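All residue numbers for the sequence shown refer to UniProt numbering, where the first residue is 1 and numbers rise by one.
Let me begin by presenting the structure, written as structure tokens, before commenting on it.
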Amino acid sequence: MTNWRGPGRSGGTTPRLQVRPWRDPRLVLGVVLVLGATVLGARVAAAGDDRVEYWSVRAGTTPGDVVSRDDLRPAKVRLAGDAATSYIRTDEEFDEPLDQLVWAHAMAPGSLVDKASLVSRSAADEVELPLSVAQGSAPSDLAAGDRVDVWVGPGPGDEPGGEASRVLEDVRVVQSGDEAAAASGAAAQTVLVDVDASRLGTEVISTVATGHVTLVRVS
């Protein structure tokens with residue numbers, strides 16, 4: 001008797017079920033885990049980075065040059081205490097448009113931009129003029145920010161009866177006087193005023209230095 005062994009085979013191995021690799025659940029799960037770990041790591045790293053973006057200078061600066069956007073580049077640094085508020089962050093507004101600001105002093109490439117390094121173009125054209133003002137020749141409540149006219153009359157040794165002349169008009173008081181001098185009863189105190197450099201010549205300086213200065217507040 002002959003035993004039947006099923007359908008005849010022409011040879012070779014038994015065919016197996018083929019599973020495409022990209023459909024393998026284990027591979028998909030592995031990819032998901034790797035992506036999840038990458039995203040989580042990035043989030044943790046970002047959360048641990050407490051650096052802040054400040055403006056720095058791209059190249060050296062020259063005092064008096066107009067500030068340009070090309071002069072600046074962001075730099076991430078970690079600052080603490082007063083230093084954190086002394087420098088300009090990239091998310092802060094400038095006091096004026098950049099083309100209205102000039103560099104107050106020279107800075108090396110890569111230096112962080114502090115708030116004192118940028119000044120208004122109009123302020124850069126002004127100088128401080130010290131005036132020796134006798135007691136009673138200025139308002140008793142004169143304060144910084146007041147605007148005054150500067151009059152000069154005959155000084156000691158001049159011919160009596162000379163006329164006073166206004167040498168400066170509508171200038172801003174920067175410092176209203178030496179409090180110690182006023183308290184001690186000194187005959188004069190120093191008042192600082194802002195003067196446009198173009199209005200300040202040798203004649204003005206010599207006049208206020210030798211004559212009797214009187215300040216008249218205008219605002």
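For every residue, glycine included, the Cβ atom is placed at its ideal position computed from N, Cα and C.
Here the structure is a predicted model, which means the values were calculated and not measured.
Residue from the options whose Cα sits closest to the Cα of residue i
i	options	result
D99	D194, Q175, S176 and D65	D65
A123	D95, L79 and G201	D95
V102	T61, E163, V152 and V127	T61
residue 220	S111, L131 and S68	Because residue 220 is not part of the residues shown, which for the chain are 1 to 219, the question remains open.
P97	R69, Y87, A59 and V77	R69
H105	T85, A83, V57 and L33	V57
A188	H212, A84 and E203	H212
A138	V127, E163, A164 and G177	G177
residue 240	S206, V67 and V127	Nothing about residue 240 can be read from this structure; the chain reaches only from 1 to 219.
Span separating the alpha-carbon of residue i from that of residue j
i	j	result
E92	L200	36 Å
P109	A116	17 Å
D196	R73	33 Å
L192	D50	44 Å
A209	R166	14 Å
D152	G136	The question names Asp, but residue 152 is Val in the sequence shown. In a straight line, the C-alpha of V152 is about 14 Å away from that of G136.
R78	S140	48 Å
G36	V119	50 Å
T190	S198	23 Å
residue 293	V133	Since the displayed the chain opens at 1 and closes at 219, residue 293 lies outside it and no answer follows.
E53	V113	11 Å
D71	A59	7 Å
A180	V218	Residue placement at A180 cannot be trusted, given a pLDDT of 48 that sits under 50; the coordinates are not used to answer.
S86	M107	15 Å
L129	T202	12 Å
T90	P63	22 Å
L168	T214	11 Å
W55	S111	9 Å
G162	P154	6 Å
Three-state class that DSSP yields for residue i in the structure shown
i	result
W126	A small fix is needed here, since residue 126 is Glu in this sequence, not Trp. Here E126 sits in strand by DSSP.
T61	strand
residue 220	No information on residue 220 is available, as it lies outside the stretch 1 to 219 that the chain covers here.
V218	coil
A164	coil
R199	helix
S176	coil
A209	helix
V204	helix
S56	strand
V66	strand
Cβ-heavy atom distance, residue i to the ligand ATP, below 7 Å
i	result
P97	The model on display carries no ligand, and the ligand ATP is accordingly not part of it.
Report task. Counting only runs of 3+ residues fully inside the stretch 135-160, write out the beta strand (DSSP E) ranges in chain order. Result -> 147-153
**Report entry** contact_flag[the stretch 124-144, the stretch 166-175] where n(CB pairs < 8 Å) is 3 or more
**Finding:** Yes, since at least three Cβ pairs between the stretch 124-144 and the stretch 166-175 fall closer than 8 Å, the two stretches touch.
Requested in this report: At 4 residues or longer, and completely inside the stretch 75-131: list those alpha helix (DSSP H) runs for me, N to C.
Outcome: 83-86 and 121-124
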